[in-house]
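Data block below; observations after.
In our numbering, the protein residues as written are 29 to 171.
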């Protein structure tokens with residue numbers, strides 16, 4: 029399995045990310061359920077725009093965060109750090125994301141919160157199960 033395939037498989041298997049955002053002098057983090065879209069290298073998540081992080085996201089779309097499990101030993105640590113840009117989805121893109129999101133999280137059918145997309149610019153995965161300190165790095169190509 030290639031390093032990229034390993035990274036994709038991990039992101040598809042997990043379902044919660046940390047989302048860090050900032051605007052002006054305010055800084056905040058939130059945990060969100062997500063679906064990973066391999067084709068666009070993006071996370072889809074649901075959150076209200078009037079939450080503290082929602083307000084910050086609208087003021088500054090630059091975000092960073094993590095995806096990780098809770099291993100009991102350092103030798104099994106696996107996790108991802110990411111950065112990207114977030115935007116509210118609309119139209120056909122929103123409808124497609126909502127269908128996928130609701131399939132993964134059926135309880136979301138009862139929620140009308142908007143869907144957002146984090147278009148990933150950079151991802152770094154650490155996976156000690158592949159060798160202590162093993163890093164897999166992905167960056168979006170310019171253009």
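Heads up, the beta-carbon is just placed ideally off N, CA and C, and yes, glycines get one too.
Which listed residue (the options) has its alpha carbon closest to that of residue i
i	options	result
residue 170	149, 155, 161	149
residue 75	68, 85, 66	85
residue 53	154, 88, 47	88
residue 66	131, 146, 83	146
residue 91	113, 101, 81	113
Residues bridged to residue i (per DSSP)
i	result
residue 46	59, 94
residue 111	92, 150
residue 65	70
residue 51	54
residue 164	153
residue 116	144
residue 100	DSSP output for residue 100 lists no bridge partner at all.
Terminal residues of the alpha helix (DSSP H) in which residue i lies
i	result
residue 127	119–132
Residue i versus residue j - alpha carbon distance
i	j	result
residue 117	residue 68	13 Å
residue 42	residue 124	20 Å
residue 141	residue 73	10 Å
residue 97	residue 106	7 Å
residue 31	residue 55	33 Å
residue 160	residue 109	17 Å
residue 119	residue 59	26 Å
residue 77	residue 115	11 Å
Nearest-angstrom Cβ-Cβ length linking residue i and residue j, presumed shorter than 8 Å
i	j	result
residue 163	residue 156	Actually they are not in contact, since the Cβ atoms of residue 163 and residue 156 sit about 10 Å apart, beyond 8 Å.
residue 93	residue 47	5 Å
residue 183	residue 103	Outside the modelled stretch of the chain, which goes from 29 to 171, sits residue 183, for which no answer is possible.
residue 136	residue 129	6 Å
Chain B within 9 Å of residue i, Cβ atoms only
i	result
residue 100	Note that chain B does not occur in the displayed structure, where there is just one protein chain.
Residue interval of the beta strand (DSSP E) (run including residue i)
i	result
residue 83	Not the beta strand (DSSP E): residue 83 falls in the alpha helix (DSSP H), residues 80–87.
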